[in-house]
Structures are given as structure tokens and as C-alpha cells.
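Numbering (this note's numbering), first residue to last: 116 to 402.
Reading through the C-alpha cells given below for one structure.
Put into C-alpha cells, the structure is as follows:
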């Protein structure tokens, strides 16, 4: 999407700010909240209202996560570029997918395939059986507490890079292009995460008339609606994603003090025969 007359400006550390309106700004290359266990994951576009970062533990818009069977890999490094292209501001974020989740007891990491497979089965059970989620969460917390066990993100050999290009218009519409450049074989799925903070975005709605608040929303449910979105009533702000061919759309919201504070979506794409994906995000006033 580079314009032949524009030179991209590389911003590896300073961060980028894109003003949408007097109060609404999008941030890139600024990881912000560092107190969460997931803070090593590089963030995408983050919403700021009147100077307040609204992302909390959410990863922002357009963050790729790769699945290799039961193993998930996350971006641990990134570089950002920005340029103007007609009426759009274009932000390109180049992610290095080099983080994996590992269980640890004290200072000792529990490595190997068996813990990954077990965690993958629990995650699928949690996702596919909503009535069991509270029980699964309680058992998991008690089990980990009894063994002084926690989940950590650790660096690994790079699984590849993902280039995400956001074309942002002044009316709050964002066209997103994602391209994965693999270094490792066996990638089965890519999830494009689009999350902001749970404290601000605590109401969900979609084109089919669904309207849920706070704990009613739950974590990771499929939706087949034409569009779905989250509302921040305090700031009179709404973000929505559109149904996109070739992907399943999941939505969710979770809060747990000191650990979880996200609300948003994941586009999940099968990677057996593709390496790229495009979708749209709208920012604006609630419907």
C-alpha cells in the first residue's frame, strides 16, 4: 500500500499517534500497561480517549497469533511505519512471532509437548462448552494455586513474521491487511486479535439484535452476524468488526484482577491454503 511519492517513517521505539478526532487517538508501538502476565505480547492499534489509554490487558487491533496444533505462538517484537496515502493514514506493523506460553512452578519451566496438549484440550473445552466455563476456571485456579503454578510467555525461535497494514480514514474506518511469512512449518490456524480494555468496553451488540452487558458476554463465542461490536458508554464510543469470508468470528470479554482485562474479537482463519487476510473495523458513536 506504499504510495510511490511517500517515504515511510520507521518508528521502532517512539510510538505512533493518529488523531481521529479532538478526543479520539489511535496509538501504535506503545505497549502501555506492563503489569499483566501478557504484557510481553506486542500490541496493535490501541484506542486513547482524551489522553487515556483504553487498552488495559487487551492487545489492540490487528495482532496475529499462530496455532501449530495445540501450541500457540505470539508476537514478541515489532517495528512500526507510518505514511500518508491520499486521505488515509497508513500504519504498517511488522511482527516477529517468537513467544510461546509455558507452565512454570516457581522458577522452573515445565517444557515438552504433554503440557501443551493438556492446555490445548482445556482451552477447547472452555471455548466449546460455555456452561462449564465457571467450573473450569475455578478448578484451574485452585489447581495452579495448590502447585504454585503459573503461565509465562517465553521467547522461542521465530515462527515467522506477520506484516499488518492498517489504512485509517478520518471517519474512523480501518481497512486491515495481514500477511504471514512463515519460518516454521505446520501452522494450522491464525487468529487476528482485536481487543481493547474490558473496563471501558463492557457492552456487546450485533446486527441480529443481541445486546449483552458485563458478565453476560463471557469468553470466546462464535457469531455469524453481519457485524458485531463493543460499546464504551462513558466515552460514547463503539468499535465493530464485519463478517468476513474465509474466517470465523469470535467475541468475548474477561476480567480477573491483575491478570485479565480484555474485550473484543478474533478472526480465526485456517492456514492450510492461505497466507493473507483482509477485514474492516469501524470506530464511531454507538448505534
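Don't be surprised by glycine CBs; every beta carbon is placed ideally from N, CA and C.
All of these numbers come straight from a predicted model, not from anything done at the bench.
Short check: CB of residue 306 to CB of residue 378, under 9 angstroms? No, Cβ-Cβ distance for residue 306 and residue 378 is not below 9 angstroms.
List the DSSP bridge partners of residue 311. Beta-bridge pairing links residue 311 to 378.
Just to confirm my understanding: we take residue 355, look at its own chain, exclude 5 residues before and 5 after, and list those with CB closer than 6 angstroms. What are they? The beta carbon of residue 355 lies closer than 6 angstroms to those of 342, 344, 397 in the same chain, with the five residues before and after it left out.
For residue 134, which residues in the same chain have their Cβ closer than 7 angstroms to its Cβ, ignoring the five residues on either side in sequence? For residue 134, same chain residues with a beta-carbon under 7 angstroms away, outside a window of 5 residues either side, are 140 in chain order.
Where residue 383 and residue 286 are concerned, what is the direct C-alpha to C-alpha distance, given to the nearest angstrom? Distance between the alpha carbons of residue 383 and residue 286 is about 27 angstroms.
Which residues in the same chain as residue 118 place their Cβ atom closer than 6 angstroms to its Cβ, once the five residues preceding and following it in sequence are excluded? At residue 118, the pLDDT of 44 sits below 50, so the modelled position is not reliable; the number obtained from the coordinates is stated separately. A distance below 6 angstroms between beta-carbons, with the five flanking residues on each side excluded, links residue 118 to the following residues of its chain, in chain order: 200.
Can you tell me which of 273, 309, 331 puts its alpha carbon nearest to the alpha carbon of residue 179? Comparing Cα-Cα distances from residue 179 to each of 273, 309, 331, the minimum goes to 309.
Is the separation between the beta-carbon of residue 211 and that of residue 279 shorter than 9 angstroms? The answer is no: Cβ separation not under 9 angstroms.
What first and last residue would you give for the beta strand (DSSP E) that runs through residue 339? From DSSP, residue 339 is part of no beta strand (DSSP E); its letter is neither H nor E.
Mapping the DSSP letters down to three states, classify residue 200 as helix, strand or coil. DSSP places residue 200 in strand when its eight states are reduced to three.
Reducing DSSP to helix, strand and coil, say where residue 349 ends up. It is coil, neither helix nor strand.
Could you check if residue 150 is buried or exposed, using at least 16 other CB atoms within 10 Å of its CB as the buried criterion? Exposed, because fewer than 16 other Cβ atoms sit within 10 Å of the Cβ of residue 150.
Return yes when the Cβ of residue 291 is within less than 9 angstroms of the Cβ of residue 277, no when it is not. Taking 9 angstroms as the Cβ cut-off, residue 277 and residue 291 do not qualify as a contacting pair.
So what does DSSP say about residue 273, is it helix, strand or coil? Three-state DSSP puts residue 273 in coil, outside helix and strand.
Burial state of residue 165 (16 or more Cβ within 10 Å): Counting the other Cβ atoms within 10 Å of the Cβ of residue 165 gives fewer than 16, which makes it exposed.
Pick helix, strand or coil for residue 287, following the three-state DSSP scheme. Of the three classes helix, strand and coil, the one that applies to residue 287 here is coil, per DSSP.
Quickly, what does DSSP pair residue 296 with across the bridge? List them, please. Beta-bridge partners assigned by DSSP to residue 296: 276.
N-terminal and C-terminal residue of the beta strand (DSSP E) that residue 367 is part of: Per DSSP, the continuous beta strand (DSSP E) segment holding residue 367 begins and ends at 363-371.
What's the call for residue 137, buried or exposed, on a 16-neighbour Cβ count within 10 Å? Within a 10 Å sphere around the beta-carbon of residue 137 sit fewer than 16 other beta-carbons, which makes this residue exposed.
Can you tell me which of the three DSSP states residue 186 falls into? Three-state DSSP puts residue 186 in a strand.
Residue nearest to residue 318 in terms of C-alpha spacing, selected from 192, 159, 353: Per the C-alpha coordinates, the member of 192, 159, 353 positioned closest to residue 318 is 353.
Which residues share a DSSP beta bridge with residue 394? Answer is 291.
Close Cβ partners of residue 204 (< 6 angstroms) along its chain, the five nearest in sequence each way excluded: Non-local C-beta neighbours of residue 204 in its own chain, meaning closer than 6 angstroms and more than five positions away in sequence, comprise 133, 283, ordered along the chain.
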